[in-house]
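In my numbering, the protein residues as written are 11 to 83. Here a beta-carbon is modelled for each residue, glycine too, at the ideal position from N, C-alpha and C. In this text the structure is predicted, and so the values were computed from the model without any measurement.
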Amino acid sequence: MKWQIVYSGILSAGMSGLVALIVTAINTGIDPGLVPRWLGAWVLAFPVAWFAAVFWGPFARRIARVFVPPPGE
């Protein structure tokens, strides 16, 4: 369980950071103020993404098993 929480945190940090950067750049443009705006958006997005990953993860694994057997089976 501990591994899953850490893994979810790392994955959600990267994905939410990338999405926040792209959406912020599209909506506000690329200029010297992009980084502070992006970090502000990421600070809001990351906890939501982590919470979603931790609680959505087990359900997503069950759905994936319907289509592809887990390794070793």
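Local Cβ density within 10 Å of residue i, reported as buried at 16 or more and exposed below that
{"i": "Thr38", "result": "exposed"}
{"i": "Gly48", "result": "Before going on, a small fix: residue 48 reads as Trp here, not Gly. That one is buried."}
{"i": "Ala30", "result": "buried"}
Which listed residue (the options) has its alpha carbon closest to that of residue i
{"i": "Thr34", "options": "Phe56, Ala74, Ala51", "result": "Ala51"}
{"i": "Met11", "options": "Pro42, Ile40, Gly67", "result": "Gly67"}
{"i": "Gly27", "options": "Pro42, Gln14, Pro46, Arg72", "result": "Pro46"}
{"i": "Gln14", "options": "Ile32, Pro79, Val53, Phe65", "result": "Phe65"}
{"i": "Leu21", "options": "Leu44, Leu54, Pro79, Phe61", "result": "Phe61"}
Within 8 angstroms, strictly: CB atoms of residue i and residue j
{"i": "Ser18", "j": "Ala63", "result": "yes"}
{"i": "Ala23", "j": "Phe77", "result": "no"}
{"i": "Met25", "j": "Ala70", "result": "no"}
Inset, instruction - Could you name each continuous alpha helix (DSSP H) segment of 4 residues or more that falls completely within the region 11 to 71, going from the start of the chain to the end? - result: 12 to 38
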